[in-house]
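A.B. asks: Here's a structure for you.
2 protein chains.
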Amino acid sequence: MTAGGIRDRFRAQMRQEVKDAALRQLAEGGPQALSINAIAKELGVSGPALYRYFAGRDELLTELILDAYADLTSAVSAAPRRMPDLAGAYRAWAIANPHRYRLLFGAPLPGWNAHDERLVAAAREAIDVLFAFVGPGREPEPPLAEALRAWAGGVDPAVALHAVTAWSRLHGFVSLEIEGNFLSMGLDPGPFFAAEVEALK
Amino acid sequence: MTAGGIRDRFRAQMRQEVKDAALRQLAEGGPQALSINAIAKELGVSGPALYRYFAGRDELLTELILDAYADLTSAVSAAPRRMPDLAGAYRAWAIANPHRYRLLFGAPLPGWNAHDERLVAAAREAIDVLFAFVGPGREPEPPLAEALRAWAGGVDPAVALHAVTAWSRLHGFVSLEIEGNFLSMGLDPGPFFAAEVEALK
DNA sequence: CGCTCGCCGTTAGTGGTTCTCACCTAGCGC
DNA sequence: GCGCTAGGTGAGAACCACTAACGGCGAGCG
């Protein structure tokens, strides 16, 4: 099934090359620079040829987002199961891949397809990693515990609260950092991040 | 200077009408729906007429961002000078104006102009409001205190730390909330926000 | 081994975008 | 009352995503 014919393998490789070129263009020039035509030109083919491999710009973006989710999830999973390391891995991935991080959590450039079931599943999988890796935090207040229990299924509400809190704070810090909001003010993000992680313990 | 002639007043009003139409289109359809042509059509003029009032799409967006900064700043300034109220005002503005909040902190749709000096000044002004309104938090560790002192000028490092921490956490929560990340998981954001604000005290 | 059918890439074309240019008109200010 | 200028127009260039029609090549079957 993996190598089901020469044709299929060629097709898979071509899809990968398109995605690589797309990521390259995303890195330099931002999301609005991601152009089907430009990718085709970079690959030496011309224009509509890419529609053999992707239904359109939207499917390509969705695919990039799914890949980014998987990549971020595995990067965090590879860290030791201690909060400082998890947080550090999250931040390191975001700094190393700011454009992909924006793709995941930034403006809904796709937007409308934000509720594609595959995307929801990928996001759920990512947060599940936090559930599996994070220890319990403070015991939530009763109304919050109620909501958390309904949401997280069998997971301990204290763990769920810790995971969601960590995600929210990490996302806040990291998204401000990758937009340069700290550096543009001359503030070194490192010690501040350490303090935030300390507060998460 | 304010009413320097009929022509000038007409021009100012026209600019405002263009911005209003732009905000309307931004609200329904997202940033990629913001089209010079569509605005012109909505205003009953045709195409290039708008270039009499704005140098281009970019200047229009920059203007919208500056307005949004001013609006958010004044909304937060109007709240009582207690952290729960400040946080509540910040969140309420973001929920009431999600598209404008994304314009400020979401993807750098403008991007290249992210370092326009007027934008940096507006952002600095916004954070200054927090400085003025927020009380001191925990005393920062020495290296962090160093960085904060260098950054915030005469402001007490403990106040600066509190302000930046609050901003970072609020932004994390709010940006997740306006993208529907909580609701799409069936989690009521209200109690969780209250818990986060409590932790900020 | 040879044929066929399907996949691939092309060119041409549609309708959209931003933005520039040349021209015309109308009304403000002198 | 007249000139100048700001505002509006239409045409057009250079992009964009995407569709349609066509040709060629080769993989895989008989």
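So the protein sequences, as listed, match chains A and B. Counting from 825, one number per residue, gives the positions in the first sequence under this note's numbering. Counting from 825, one number per residue, gives the positions in the second sequence under this note's numbering. Cβ coordinates follow ideal geometry from the N, Cα and C atoms, glycine included. Small disclaimer: the values here were computed from a predicted structure and weren't measured.
(1) Taking a Cβ distance cut-off of 8 Å, strictly less, list which residues of the stretch 976-1006 of chain B are near chain A, in chain order.
(2) Helix, strand or coil for phenylalanine 997 of chain A, going by three-state DSSP, please let me know.
(3) Over the uninterrupted alpha helix (DSSP H) stretch that includes leucine 867 of chain B, give me the two end residues.
(4) Assuming the contact rule is C-beta atoms closer than 8 Å, alanine 899 of chain B and leucine 1024 of chain B should be a hit. Round their C-beta distance to whole Å, please.
(5) Taking CB distances under 9 Å as the criterion, tell me whether alanine 845 of chain B reaches chain A.
(6) So, with DSSP's three-state summary, where would you put valine 842 of chain A?
(7) Threshold first: 4 residues or longer. Then list the alpha helix (DSSP H) segments lying entirely within the stretch 846-910 of chain B, N to C.
(8) Using C-beta distances below 7 Å, list every residue in its chain close to aspartate 940 of chain A, excluding the 5 sequence neighbours before and after it, in chain order.
(9) Could you name the residues of chain A that valine 944 of chain B contacts, counting a contact when the two beta carbons are closer than 8 Å?
(10) Listing by chain order, which chain A residues have their CB less than 9 Å from the CB of glutamate 1020 of chain B?
(11) Since I believe leucine 985 of chain A is in contact with proline 964 of chain A (beta carbons under 8 Å), could you give me their beta-carbon distance rounded to a whole number of angstroms?
(12) For the candidate residues A/Pro908, A/Ile919, A/Phe955, whose alpha-carbon lies nearest to that of glutamate 1020 of chain A?
(13) Let's test the definition: count the other Cβ atoms within 10 Å of the Cβ of valine 1027 of chain A and tell me whether it reaches 16, buried, or not, exposed.
(14) Which residues of the stretch 903-919 of chain B have a Cβ closer than 8 Å to any Cβ of chain A? Give them in chain order.
(15) Check leucine 1011 of chain A in the structure and name its three-state DSSP category.
(16) Rounding to the nearest angstrom, what Cα-Cα distance links arginine 927 of chain B and leucine 858 of chain B in this structure?
(17) Leaving out the 5 sequence neighbours to the left and right, which residues in its chain are closer than 8 Å to alanine 1033 of chain B when beta-carbon positions are compared?
(18) Within 8 Å, do at least three Cβ pairs link the stretch 1001-1015 of chain A to the stretch 916-925 of chain A?
(19) To the nearest angstrom, report how far apart alanine 956 of chain A and alanine 946 of chain A are at their CA atoms.
(20) Under the three-state reduction of DSSP, which class applies to proline 960 of chain A: helix, strand or coil?
(21) Just to confirm my understanding: we take alanine 969 of chain A, look at its own chain, exclude 5 residues before and 5 after, and list those with CB closer than 7 Å. What are they?
(22) According to DSSP, simplified to helix, strand and coil, what is phenylalanine 1006 of chain A?
(23) Distance check for glycine 880 of chain B and glutamine 856 of chain B, CA to CA, integer angstroms please.
(24) Thinking C-beta only, is alanine 987 of chain A closer than 9 Å to valine 958 of chain A?
(25) For a contact defined as C-beta to C-beta under 7 Å, what are the partners of aspartate 1012 of chain A on chain B?
(26) Please state whether DSSP places valine 979 of chain A in a helix, a strand or coil.
(27) Which residues of chain A have a Cβ atom closer than 9 Å to the Cβ of glutamate 1028 of chain B, listed in chain order?
(28) Assuming contact is defined by CB atoms lying nearer than 9 Å, are glycine 996 of chain A and glycine 996 of chain B in contact in what I supplied?
C.D. replies: If we stick to the structure as given:
(1) Leu985, Val988, Thr989, Trp991, Ser992, Arg993, Leu994, His995, Gly996, Phe997, Ser999, Leu1000, Glu1003, Gly1004, Asn1005
(2) helix
(3) 860-867
(4) Between alanine 899 of chain B and leucine 1024 of chain B, the beta carbon gap of about 18 Å keeps them out of contact (Cβ cut-off 8 Å).
(5) Closer than 9 Å: no.
(6) helix
(7) 860-867, 881-901
(8) Thr886
(9) Ser1008
(10) Thr989, Ser992, Arg993
(11) So it is a contact: roughly 5 Å between Cβ atoms.
(12) Closest by alpha carbon: A/Pro908.
(13) It is not possible to answer for residue 1027 of chain A, since the shown part of chain A is limited to 825 through 1025.
(14) From the stretch 903-919 of chain B, no residue has a Cβ closer than 8 Å to chain A.
(15) Three-state DSSP puts leucine 1011 of chain A in coil, outside helix and strand.
(16) According to the sequence as given, residue 927 of chain B is leucine; it is not arginine. Between leucine 927 of chain B and leucine 858 of chain B, the C-alpha separation is close to 12 Å.
(17) Beyond the ends of chain B as shown, which are 825 and 1025, falls residue 1033 of chain B; an answer cannot be given.
(18) yes
(19) 15 Å
(20) coil
(21) Pro981
(22) coil
(23) 15 Å
(24) yes
(25) Ala971
(26) coil
(27) Because residue 1028 of chain B is not part of the residues shown, which for chain B are 825 to 1025, the question remains open.
(28) Yes, they are a contact pair.
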